[in-house]
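Undergrad: Note that numbering that gives the first Met the number 0 has the sequence shown beginning at 0, numbered continuously upward. Every residue, glycine too, gets a C-beta built ideally from N, C-alpha and C. All values derive from a computational prediction rather than experimental measurement.
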Amino acid sequence: MRFVDSHAHLADPAFDADRDDVIARARVAGATAIVCIGESLEAACRSRELAAAHPGFVHFSAGVHPHDAAAFDPARDTAAIRSEVERGAVAIGECGLDYHYDHSPRPLQRRAFAAQLALARETNRPVVVHSREAEDDTAAMVREAGAAGIRGVMHCFTGSHALARAALESGWYISFSGIVTFRKWADDDLIRLVPDDRLLVESDAPYLAPVPDRGKRNEPSWVARTVGRVAVARGSSPELVGELAVGRIEHVHNLTA
Ligand SMILES: [Zn+2]
Ligand SMILES: [Zn+2]
Numbered sequence: 000m001r002f003v004d005s006h007a008h009l010a011d012p013a014f015d016a017d018r019d020d021v022i023a024r025a026r027v028a029g030a031t032a033i034v035c036i037g038e039s040l041e042a043a044c045r046s047r048e049l050a051a052a053h054p055g056f057v058h059f060s061a062g063v064h065p066h067d068a069a070a071f072d073p074a075r076d077t078a079a080i081r082s083e084v085e086r087g088a089v090a091i092g093e094c095g096l097d098y099h100y101d102h103s104p105r106p107l108q109r110r111a112f113a114a115q116l117a118l119a120r121e122t123n124r125p126v127v128v129h130s131r132e133a134e135d136d137t138a139a140m141v142r143e144a145g146a147a148g149i150r151g152v153m154h155c156f157t158g159s160h161a162l163a164r165a166a167l168e169s170g171w172y173i174s175f176s177g178i179v180t181f182r183k184w185a186d187d188d189l190i191r192l193v194p195d196d197r198l199l200v201e202s203d204a205p206y207l208a209p210v211p212d213r214g215k216r217n218e219p220s221w222v223a224r225t226v227g228r229v230a231v232a233r234g235s236s237p238e239l240v241g242e243l244a245v246g247r248i249e250h251v252h253n254l255t256a
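1) Taking C-beta to C-beta, are SER60 and ILE22 nearer than 8 Å?
2) Report the residue from LEU49, ARG233, MET140, ILE248 whose alpha carbon sits nearest the alpha carbon of ASP20.
3) Whose CB is closer than 7 Å to a heavy atom of ligand 2? List the residues in chain order.
4) Measure the beta-carbon distance from GLY29 to GLY227 and round it to whole angstroms, keeping in mind my assumption that it falls under 8 Å.
5) Tell me GLY151's beta-bridge partners as DSSP assigns them.
6) Tell me which same chain residues have a C-beta within less than 6 Å of the C-beta of ALA111, skipping the five on either side of it?
7) Can you have a look at HIS154 and say buried or exposed, based on whether 16 or more other CB atoms are within 10 angstroms of its CB?
8) Using only CA atoms, which one of ARG105, GLU83, ARG26, ARG81 lies nearest to VAL57?
9) Report, in whole angstroms, the separation of the C-beta atoms of PRO65 and ASP97, which I expect to be a contact under 8 Å.
10) Among all the DSSP beta bridges, which residues are the ones paired with SER159?
11) Which same chain residues end up closer than 7 Å to ALA138 when comparing Cβ atoms and leaving out the 5 residues on each side of it in sequence?
12) For THR157, which residues in the same chain have their Cβ closer than 6 Å to its Cβ, ignoring the five residues on either side in sequence?
13) In angstroms, rounded to a whole number, what distance separates the CA positions of ALA223 and MET0?
14) Span of the alpha helix (DSSP H) holding ASP188?
15) Would you mind sorting ASP15 into buried or exposed? The rule is 16 or more other CB atoms within 10 Å of its CB.
16) Nearest chain D C-beta to ALA30 closer than 8 Å, yes or no?
17) Check the C-beta distance from ILE260 over to ARG233 and give it rounded, since I have them as a contact under 8 Å.
18) On a CA-only basis, which of ALA7, VAL127, LEU116, ASN217 is nearest SER46? Give me that one, please.
19) Could you say which of PHE181, ASP17, ILE91, ARG75 lies nearest to VAL210 if we only look at CA atoms?
20) Take CYS94 as the anchor and find which of GLY214, ARG24, TRP171, SER39 has the nearest alpha-carbon.
21) Give me, in chain order, the residues of the same chain whose beta-carbon lies closer than 6 Å to that of VAL128; leave out the 5 immediate sequence neighbours on both sides.
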């Protein structure tokens with residue numbers, strides 16, 4: 000089976016002891032690509048180095064997470080992210096809105112998200128979006144972005160069907176994580192709501208390890224289990240779902256260009 004990991008934090012210190020082994024295991028398990036998320040400019044820099052060490056397999060993004068939006072300096076950080084795009088970042092993010100933790104004031108979260116959406120438009124890169132308990136504001140900003148021609152991925156999606164529809168109607172993609180393997184997961188209808196040509200899967204490693212390793216450090220090779228669970232929900236096979244995701248990630252991030 001082939002699959003992809005559309006979202007992994009491989010620059011995280013959790014992988015300092017065995018990062019290359021983790022990446023090698025992902026290849027052996029069938030991964031064709033990993034997008035290493037630079038959720039801060041420091042993480043983006045480390046992710047870029049990782050991508051350079053694993054060309055054509057590890058790709059990287061650059062952005063500022065909503066948790067850190069209060070420290071987002073539009074002029075400085077926009078220039079820094081633009082510079083990462085010039086150095087090969089395949090996407091802007093992760094960025095978005097997190098009203099669950101509220102680590103940054105909401106108006107500042109919206110400001111940082113809007114600035115990164117504008118940058119996505121300017122650089123013709125997709126955005127990787129994190130949204131938690133911010134359904135209405137995310138939907139409004141995604142719809143506006145979609146109307147402006149900006150593409151994006153809703154990462155680790157567990158939101159409402161209304162937000163999923165807002166993203167899909169805007170031409171965006173939806174990525175599922177190991178959360179769909181958890182015992183309390185109860186929304187297979189959401190998994191079926193996403194058409195074949197908009198479906199992605201991810202680890203969000205080192206977080207959100209799928210069952211039966213829930214709570215442990217997650218890694219990209221385990222996305223295979225998430226693919227299996229998504230296939231069950233869709234009445235499909237893991238092989239087919241994995242291939243769909245392989246095709247989609249190449250399309251979203253223009254990986255074959
Ligand atoms: Zn996230
Ligand atoms: Zn993330």
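TA: The structure says:
1) no
2) LEU49
3) HIS6, HIS8, ILE36, GLU38, GLU93, HIS129, HIS154, CYS155, ASP203
4) About 12 Å separates the two Cβ atoms, so there is no contact after all.
5) VAL126
6) VAL63, ALA68, PHE71
7) buried
8) ARG26
9) 4 Å
10) According to DSSP, which records beta bridges pairwise, SER159 is partnered with nothing at all.
11) ALA161, LEU162, ALA165
12) ILE178
13) 8 Å
14) 187–192
15) exposed
16) Among the chains of the structure shown, chain D does not appear; only one protein chain is present.
17) One cannot answer for residue 260 here, as it falls past the ends of the chain, which runs 0 to 256.
18) ALA7
19) PHE181
20) SER39
21) GLY95, GLY151, MET153
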